[in-house]
Amino acid sequence: MGVQISGGYIGYRMRTHIVRAILALAALLPLHAVAAKIVGGPVVVHVGPKSATIVWVVEDFQVELGDAPDAVNQAVAPGLRSVRASFTGLKPGRRYYYKVPGYDGVGGSFRTAPVGDVDFQFVVFGDTRTRHKMHRDIVNAIVRDTKPDFVIHTGDLVSNGRESALWPRFFEIEAPLLREAAFFPVLGNHERNSPDFHDFFAIESPYYSFDWGRAHFIILNSDFGNAAATKEAKQRFWDDQLRWLERDLAEHQDAALRFVAMHHPPFTAVKRRQGGKKHVADMVPLFERYKVTAVYMGHDHNYQHHLVGGVHYIVTGGGGAPLYPVDAPLDGVTLKVESVEHYVRVAVKGGRAVSEAVALDGRVIDRVVFGSRDSTD
Ligand SMILES: [Fe+2]
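Mapping of the sequence shown onto my numbering: position 79 corresponds to residue 137, and the numbering continues sequentially without gaps.
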């Protein structure tokens, strides 16, 4: 790890020209341009056994808007961009600390993905788009009671991903958690497939997978409606994702545990959301064929636990958005439902995992054991 500067020989005259050019440029820069205002992150993404990327969001300026030339004061939005730094050559399963020199208090730590039979813990929660105090309470409860190595957010981070002003508040609320854990976000329908979502979390592919210890994790994009501009393009995207999913599951059949995260649930106990064809239903046969351990989702603002074809489906959408009732449990399928703010913590030990849904007061709503002795207690 470290910074290595390499290059060929630069002659004396050329060096002189370069130094003069730099001095001339520096003289042109106003002093305040040296330090951009950080309004998001740092957030640590793409964490693997040997690599990690640290991203932060900066505000360069604000844009004012109005519907008349003399009334350009009716709305204001920040001009945002992301900045990132990537590291390679790290050691697996080790905690690293980072800081941004010149920015007091901007820093944190993360743990690289362990390799082999190593215990770890992760947190899953989602639908943080509204009721910001509740979102803050959930984040604080996670930080206080759980020390996750990483967080999976099941989507709907903000109420409209294309509204710039909403992102700084999301990052401000999440900051205590992002300072300690790697972050793997899922695209929700409220992100509106925004370029900002992809930029701020350095998303390189709408669906991807990673390993952590002996477990395999798959992050899917279930937002069919915003995936592309035309119906044909949406279907092509969906078919490509299904083909990729089957290939990825087939290649990771040796993993001790196989987890999937996506936004939309194929099964729900919310009556008004039942019925009709759900695109995510296309994935259910693959989950069953390749023995997925559990699928974590959001979209419905409550906690739900269903068991279908040996696969656990857990809806964890209690991160702040207004709660939905769980008024229609599914016969022979639904194991537990509760309309309550919560998060899910999963402790992995060897080939087993304990998944607990936890309310704000620390009460365990549901406890499921995955692995060699798969059971619900
Ligand atoms: Fe949603």
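Even glycine gets a Cβ: it sits at the ideal position worked out from N, Cα and C.
Selected residue, minimal CA-CA separation from residue i, among the options
i, options, result
"D306", "I210, A285, M341, V209", "M341"
"V369", "P323, S397, E399, G137", "P323"
"T186", "R403, K407, H357", "H357"
"V101", "I112, H310, A273", "I112"
"V426", "K394, A417, L418, G408", "K394"
"A411", "I96, H274, M355", "H274"
"G137", "A129, L123, D128", "L123"
"Q311", "F183, E346, D424", "E346"
"L315", "G378, F428, R403", "F428"
"S252", "S222, F268, I277, E238", "S222"
"Q293", "F282, R301, W302", "F282"
"F258", "G333, V116, V404", "V116"
"F255", "Y266, Y348, Y265, W225", "W225"
"T188", "Y401, A417, G376, L418", "G376"
"V402", "A126, F180, K108", "F180"
"R220", "P206, L245, A94, K205", "L245"
"Q299", "Q362, L388, Y265", "Y265"
"P172", "L388, Y161, R152", "R152"
"H248", "F242, R227, I277, N284", "N284"
"F229", "H190, S267, P206", "H190"
"V141", "D125, P127, P150, D118", "D118"
"R331", "E309, E304, K349, V384", "V384"
"D177", "P206, G184, G98, Q120", "P206"
"R25", "W270, S267, N218, E262", "There is no way to answer for residue 25, as the model of the chain reaches only from 59 to 435."
"R272", "F295, S263, F317, E262", "F317"
"D388", "V406, G378, Q362, V404", "This sequence places Leu at residue 388; Asp is not what is there. L388 has its Cα closest to that of Q362, out of V406, G378, Q362, V404."
"Y161", "G184, N131, A94, F183", "A94"
"G98", "R139, N131, I261", "R139"
"V366", "R301, V353, V406", "V353"
Counterpart residues of residue i in DSSP-defined beta bridges
i, result
"D269", "H274"
"G137", "F119"
"F442", "Nothing about residue 442 can be reported from this structure: the residues present for the chain run from 59 to 435 only."
"W296", "None, per the DSSP bridge assignment."
"Y348", "Its beta-bridge partners do not exist; DSSP assigns none."
"D424", "A415"
"E396", "Y361"
"S144", "T111"
"P243", "H211"
"A319", "I277, Y354"
"H310", "In DSSP, H310 forms no bridge with anything."
"F178", "V406"
"F168", "Y154"
"P288", "Just to set this straight, residue 288 is Thr in the shown sequence, not Pro. Looking at the DSSP assignment, T288 forms no beta bridge with any residue, so it has no partner."
"T436", "Residue coverage of the chain in this structure runs from 59 to 435, which leaves residue 436 outside it and unanswerable."
"G98", "V115"
"Y401", "V416"
"V103", "T111"
"V173", "G271"
Sequence-distant residues of its chain with Cβ nearer than 8 Å to residue i (five each side left out)
i, result
"L381", "H359, N360, S397, V398, E399"
"A52", "This structure leaves residue 52 out entirely; the chain is present only between 59 and 435."
"V164", "I96, P100, W114, K157, V158"
"L455", "Because the chain in this structure spans residues 59 to 435, residue 455 falls outside the shown range and cannot be described."
"V422", "E414, A415, V416"
"A313", "D269, R272, A273, H274"
"E304", "L344, Y348"
"K108", "T146, G147, L148, K149, P150, T170"
"I302", "As written in the sequence, residue 302 is Trp, which differs from the Ile given in the question. Same-chain partners within the cutoff: Y265."
7 Å Cβ shell around residue i - same chain, five flanking residues per side excluded
i, result
"L235", "V197, I200, V201, V209"
"G420", "D203"
"A84", "Note on A84: pLDDT 48, under 50, position unreliable in the model; the coordinate value appears next. Counting only Cβ-Cβ distances below 7 Å, and skipping sequence neighbours, we find nothing."
"G408", "D175"
Cut-off 6 Å between Cβ atoms - residues of its own chain near residue i, not counting five sequence neighbours on either side
i, result
"L364", "Sequence inspection shows His at residue 364; the Leu mentioned does not correspond to that position. F325, Y371, V391, T392."
"R194", "I231"
"V338", "S280, H322, P324"
"H155", "Sequence inspection shows Tyr at residue 155; the His mentioned does not correspond to that position. Cβ within range, chain order: S167."
"R237", "G166"
"V328", "D358, Y382"
"L278", "Y265, M320"
"P243", "H211, F259"
"K336", "P324"
"P125", "The sequence given here places Asp at residue 125; Pro does not occur at that position. There are no such residues."
"A308", "none"
"A135", "V121, S222, A223"
"M192", "G378, E399"
Heavy atom of ligand 2 within 7 Å of residue i beta-carbon
i, result
"A110", "This structure lacks ligand 2; the ligands present are ligand 1."
(message) Under 8 Å, with one C-beta from each stretch per pair, do the segment 288-295 and the segment 209-224 reach the 3-pair mark?
(response) no
(message) Any residue with its Cβ nearer than 5 Å to a heavy atom of ligand 1 should be included. What is that list in chain order?
(response) D214, G246, N247, H357
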